[in-house]
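A.B. asks: There's a structure below that I have some questions on.
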Amino acid sequence: MKSKMQYSFEDNIVEVKPNVKKELQFYRLQFLEKMNCNGVIIKQEIIKNVHLTITKIENVGFEYHIEVFDTTLRNRTLSLSEKDLIAQIASITDDVKIIVDENFNFIKIKNFDLIKSKANQKFKILSKKYLGEKANRLFEYLQKYYKDEKLIYNDLQRYDKYGFLLIKFLGYYRFGKNHKYTIRYTNFLKNTFLEIDETVKMTKLNREIEEVELKLKGEINTSKYNKKMFEREMKVQNIFFDEVNDNLTLNKYEGVFNFNTKTGKINNAKLNIHVSFGENYSKEIDYQLSSLLPHEV
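As C-alpha cells, this is what we get:
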C-alpha cells in the first residue's frame, strides 16, 4: 500500500492533492447539534464509525468507497419509531462508491443502481409501516431524490454527511493566501436554507513530518440571504422576534482540517458553528472527524 501527497515547500507553498494507489482508514464522525427555541433546549448527537478506501483509477481519478458500520443516534425528543425511520433512510447510503477526477470533480456513483434498488425496497416496507399525509410526502420526495445521482452526491458532501471525507480543499496553499468556497446549509432552521462563504488558509506547516493544517472561517452570503423565508418559519414555529431589529446572525463559523501529507489522507477535522435569530432562537453545531486505529473501532 503506497500513498503520498504532491507538494512543494518552495517559498512555503504546499499543494494539497492526493496521489494514492490505495489508502484505507477508519474514522469516527461525531455530529452534535444543540438548539434553543423559546428557552427549550433540544440536543441531538449522531456518531458514526466509518471505513474509507481511496483507490487510484489510472487516467480517471479516484474511487472513494465509504462504508458505515456502526451508528448511534441520541435525541430524547424523538420516539423510537422516529429514530428507526431516520436510521432506515440513512442506511441507504451506508455503502457508497464515488468516482471523482484528479481535481475532485464528480464523475459518478459507481454503485448507483444498487443504491436505487435498496431505496425502492426500503420505501416499499416503510410506506406500509408509516402512514399519513406527512409520511407520504416524505416518501414521494425521497423516491425522486434517490433517482438523481448528482443530487445524492451534493447531499453527501454536506459536513453532517460525508463532507469531512469528500474534502474539497485541494490546490496550492501558501501562508497568507486565502481559498474561497461556498456551501449551502439546510439545518440552521427547519424549512430554510442559507449559503455560507468559506475562507480557507494554511496556518501550520511541519516540514519534518510533512503535516499541514488548514483553518476555515465563514460568513453569510448576503446576496443569497432571504430574511423573509426565516421570518415565515419563525412565525410557523411560534418563536417571538422583533421584525425590525432582529436578523439572522452567524456568531461563529470556524473549522480546522489537519492533513498528513505522507499518507495522503485527512487526519482529523472539526467545525464549530453558532447561529441565532433574536433572543429566542439559536443553534450550536459541533462536527468532528477523528482517525482511528483498527483496534479502536
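In the working numbering, the protein residues as written are 2 to 298. Positions of the beta carbon are idealized from the N, C-alpha and C atoms, including for glycine. Fair warning: this is a prediction, and the values are worked out from it, not measured in the lab.
Can you confirm whether the region 68-77 touches the region 40-53 when touching is taken to mean that 3 or more C-beta pairs between the two stretches lie within less than 8 Å?
C.D. replies: With a cut-off of 8 Å, the region 68-77 and the region 40-53 count as touching, because enough Cβ pairs lie within range.
A.B. asks: Rounded to the nearest angstrom, what separates Glu150 and Ile110 at their Cα positions?
C.D. replies: Each residue's Cα considered, the two are about 7 Å apart.
A.B. asks: Would you call the region 158-169 and the region 122-135 touching, i.e. three or more CB-CB distances under 8 Å?
C.D. replies: The region 158-169 is not in contact with the region 122-135.
A.B. asks: Whose C-alpha, out of Lys228, Phe258, Lys253, is nearest the C-alpha of Val245?
C.D. replies: Ranking the options by Cα distance to Val245, first place goes to Lys228.
A.B. asks: Can you tell me whether Phe241 is buried or exposed, with buried defined as 16 or more other CB within 10 angstroms of its CB?
C.D. replies: It is exposed - the Cβ of Phe241 has fewer than 16 other Cβ atoms within 10 Å.
A.B. asks: Can you give me the Cβ contacts of Lys181 inside the same chain, cut-off strictly under 8 Å, excluding the 5 residues immediately before and after it?
C.D. replies: These residues qualify, in order along the chain: Asp198, Glu199, Thr200, Val201.
A.B. asks: Can you tell me the Cα-Cα spacing of Phe105 and Lys169, whole angstroms?
C.D. replies: Approximately 7 Å between the Cα atoms of the pair.
A.B. asks: Do the region 278-291 and the region 34-51 touch if we need at least three Cβ pairs shorter than 8 Å?
C.D. replies: Touching, yes, given that three or more Cβ pairs across the two stretches are closer than 8 Å.
A.B. asks: Looking at the secondary structure, which residues open and close the beta strand (DSSP E) in which Val201 lies?
C.D. replies: That run of the beta strand (DSSP E) goes 195-207.
A.B. asks: Which residues share a DSSP beta bridge with Asn227?
C.D. replies: None, per the DSSP bridge assignment.
A.B. asks: Ignore the nearest five residues each way along the sequence and tell me which others in Gln45's own chain have a CB closer than 6 Å to its CB.
C.D. replies: Excluding positions up to five away in sequence, the list reads Glu34, Asn76.
A.B. asks: To the nearest angstrom, how far is it from the Cα of Ile116 to the Cα of Leu167?
C.D. replies: Distance between the alpha carbons of Ile116 and Leu167: 18 Å.
A.B. asks: I'd like to check one pair, Leu215 with Met203: are the Cβ atoms closer than 8 Å?
C.D. replies: Contact: yes.
A.B. asks: Starting from the C-beta of Glu103, find all residues in its chain whose C-beta is less than 7 Å away, skip the five residues before and the five after it, and write them out in chain order.
C.D. replies: Result list for Glu103: Gly62, in chain order.
A.B. asks: Hey, Gln144 and Phe113 are a contact pair by Cβ (cut 8 Å); roughly how many whole angstroms apart?
C.D. replies: With 8 Å as the limit, Gln144 and Phe113 do not qualify as a contact, their Cβ atoms being about 15 Å apart.
A.B. asks: Does Gln158 come out as helix, strand or coil in the three-state DSSP assignment?
C.D. replies: In the structure shown, Gln158 sits in coil (DSSP, three-state: anything other than H, G, I, E or B).
A.B. asks: In whole angstroms, what separates the C-alpha of Asp85 from that of Ser128?
C.D. replies: Spanning the two alpha carbons is a distance of roughly 13 Å.
A.B. asks: Report the CB separation of Asn252 from Ser277 in whole angstroms; it is logged as a contact under 8 Å.
C.D. replies: At roughly 6 Å, the Cβ-Cβ gap stays under 8 Å, so Asn252 and Ser277 are in contact.
A.B. asks: Can you check whether the C-beta of Lys284 is within less than 8 Å of a C-beta belonging to chain D?
C.D. replies: The displayed structure is made up of one protein chain only, and chain D is not part of it.
A.B. asks: With a threshold of 16 other CB atoms inside 10 Å of the CB of Phe176, please say whether the residue is buried or exposed.
C.D. replies: Phe176 comes out exposed.
A.B. asks: How many angstroms separate the CA atom of Phe140 from the CA atom of Ala88?
C.D. replies: Roughly 15 Å separates the two Cα atoms.
A.B. asks: Does the Cβ-Cβ distance between Ile153 and Thr94 come in under 8 Å?
C.D. replies: In this structure, Thr94 lies closer than 8 Å to Ile153 by Cβ.
A.B. asks: Since Phe107 and Pro295 are thought to touch, with beta carbons under 8 Å apart, how far apart are those beta carbons, to the nearest angstrom?
C.D. replies: Contact flag wrong, Cβ pair sits at about 30 Å.
A.B. asks: Could you check what DSSP says for Thr54 in three-state terms: helix, strand or coil?
C.D. replies: Residue state, collapsed to three classes: strand.
A.B. asks: For a quick check, are the C-beta atoms of Thr193 and Glu234 less than 8 Å apart?
C.D. replies: Against a cut-off of 8 Å, the Cβ pair of Glu234 and Thr193 comes out as a contact.
A.B. asks: For Asp85, name the three-state secondary structure that DSSP assigns.
C.D. replies: Reduced to three states, the DSSP call for Asp85 is helix.
A.B. asks: Taking the alpha-carbon positions, what's the Glu64 to Ile267 distance?
C.D. replies: One C-alpha to the other measures close to 16 Å.
A.B. asks: Taking the alpha-carbon positions, what's the Leu190 to Glu59 distance?
C.D. replies: Using only the alpha carbons, I get a separation of about 43 Å.
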